[in-house]
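Asks:
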Amino acid sequence: MKKRCSENYAWLKNSRRKIAILLSINRPMTKTEIENKVRNDLSLSEKSNIRLKGFILRKLIFCLNPDSREGRVYGLTDEGHVLAVRVSKEKGISWNYSNPDIDWNIFGWIACGKRRRKKLKDIVSSGKAITSKPTPEHKSSELIKDTPRSYKYRLLVEFCKKGLLSKSVEKGISIYKPTEKAVLMAELLKS
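Going by the numbering used here, the first residue of the sequence shown is number -18, and it counts up by one from there.
1) Near R96, which residues of its chain fall below 8 angstroms by C-beta distance, leaving aside the five closest residues on each side in sequence?
2) How would you write the range of the beta strand (DSSP E) that C44 sits in, first residue to last?
3) Just checking, does the segment 76 to 89 make contact with the segment 42 to 54 on the three C-beta pairs under 8 angstroms criterion?
4) Return the chain-ordered list of same chain residues with a C-beta closer than 6 angstroms to the C-beta of I156, the five sequence neighbours on each side being excluded.
5) Is Y157 helix, strand or coil by DSSP?
6) Do you know how far the Cα of K158 is from the Cα of R67?
7) Taking the alpha-carbon of M166 as reference, which of C(-14), K100 and N(-11) has the nearest alpha-carbon?
8) Excluding sequence positions up to five away, which residues of its chain have a Cβ less than 6 angstroms from the Cβ of L3?
9) Tell me the residue span of the alpha helix (DSSP H) that contains L136.
10) Using only the alpha-carbon positions, how far apart do T11 and K(-1) sit?
11) Report all residues from its chain with a CB closer than 8 angstroms to the CB of L23; omit the five preceding and five following residues, and keep chain order.
12) In the DSSP assignment, find the beta strand (DSSP E) that holds G35 and state where it starts and stops.
13) For A(-9), is the classification buried or exposed, using 16 other Cβ atoms within 10 angstroms of its Cβ as the cut-off for buried?
14) Name the DSSP bridge partner or partners of M10?
15) Can you grab the Cα-Cα spacing for the pair F43 / I37, in whole Å?
16) Applying the criterion that 16 or more other CB atoms from any shown protein chain within 10 Å of the CB defines a buried residue, is G61 buried or exposed?
17) Out of N7, L145, G144 and K143, point me to the one whose CA is closest to I74's CA.
18) Compare the Cα-Cα distances from K40 to each of L57, N(-5) and N46 and report the closest residue.
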């Protein structure tokens, strides 16, 4: 492993972009998140593309949800983590990696959908329940049309199926509240 690690270090050291890609992964991320972070760090144009294949072939990163067709999430391998720590120390950069224990298939599904991502962030950040009808107890809650054709309603049902929202019914009114899983995912999407 030491030989492979030194070969990977030599491959990595020759490119500012490769170093930026590796150090941008401070938690499991989608390819789009990695691209956006690298573009900001290196001031690249919108058209510049990030290729992760070399990192995957060298076993520096891996896909946490390889069966997903959309929203694939990539994290660092042990070797990738060792190299990132080494490079960050050499550059004098503070860097750490966190890998929370969550369902990466659900995270990828949320992260790749702009409306899903926004809706989950809104639900969690508001701290309010979502109801189907106005009630005195939930005056400040968000209202939704409780019809199957409404996109918001379908999304809430999907969030409930995936364990991101809990649904309760009081006096014929549906009340949706975020679960701890939703709060953790929303926190990850913010960072």
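By construction, the Cβ of each residue, glycine as well, lies at the ideal position given by its N, Cα and C atoms.
Replies: Here's the rundown:
1) Working through the sequence shown from its first residue, we reach residue 96 at position 115. Y132 and L136.
2) Locating residue 44 in the sequence shown gives position 63, counting from the first residue. Boundaries of the beta strand (DSSP E) harbouring C44: I42 to C44, taken from the DSSP string.
3) The segment 76 to 89 vs the segment 42 to 54: in contact.
4) Residue mapping note: residue 156 aligns to position 175 of the sequence shown, counting from 1. So the qualifying residues of the chain are A110, T112 and S149.
5) Counting from 1 along the sequence shown, the entry for residue 157 is found at position 176. Y157: strand per DSSP, three-state reduction.
6) Position 86 of the sequence shown holds residue 67. Position 177 of the sequence shown holds residue 158. If you draw a straight line from the Cα of R67 to the Cα of K158, it is about 43 angstroms long.
7) Counting from one through the sequence shown, the residue named residue 166 turns up at place 185. Among C(-14), K100 and N(-11), the Cα nearest to that of M166 belongs to K100.
8) By one-based count along the sequence shown, residue 3 stands at place 22. Spatial neighbours of L3 in its own chain (CB-CB distance under 6 angstroms, excluding positions within 5 residues in sequence) are listed in chain order as A65.
9) In the sequence shown, residue 136 corresponds to position 155, counting from 1. Annotation: the continuous alpha helix (DSSP H) that includes L136 extends over Y132 to K142.
10) Locating residue 11 in the sequence shown gives position 30, where the first residue counts as 1. Locating residue -1 in the sequence shown gives position 18, where the first residue counts as 1. T11 and K(-1) have their alpha carbons spaced roughly 16 angstroms apart.
11) Counted from its first residue, the sequence shown places residue 23 at position 42. Annotation for L23: R(-3), R(-2) and A1 place their beta carbon closer than 8 angstroms to its own, counting only its chain and skipping 5 residues before and after.
12) Here residue 35 refers to the residue found at position 54 of the sequence shown. From DSSP, G35 is part of no beta strand (DSSP E) but of the alpha helix (DSSP H) over K34 to L38.
13) As a working mapping, residue -9 is identified with position 10 in the sequence shown. Flag for A(-9) reads exposed.
14) Position 29 of the sequence shown, counted from the start, is the residue given in the question as residue 10. For M10, which the question treats as bridged, DSSP gives the partners Y55.
15) As a position in the sequence shown, residue 43 is number 62, starting the count at 1. As a position in the sequence shown, residue 37 is number 56, starting the count at 1. It is roughly 6 angstroms from the alpha-carbon of F43 to the alpha-carbon of I37.
16) Taking the sequence shown and counting its residues from 1, the one referred to as residue 61 is at position 80. Result: buried.
17) Along the sequence shown, one-based indexing puts residue 74 at 93. Of the listed residues, the one whose Cα sits closest to I74 is N7.
18) Counting from 1 along the sequence shown, the entry for residue 40 is found at position 59. Nearest of L57, N(-5) and N46 to K40, Cα basis: L57.
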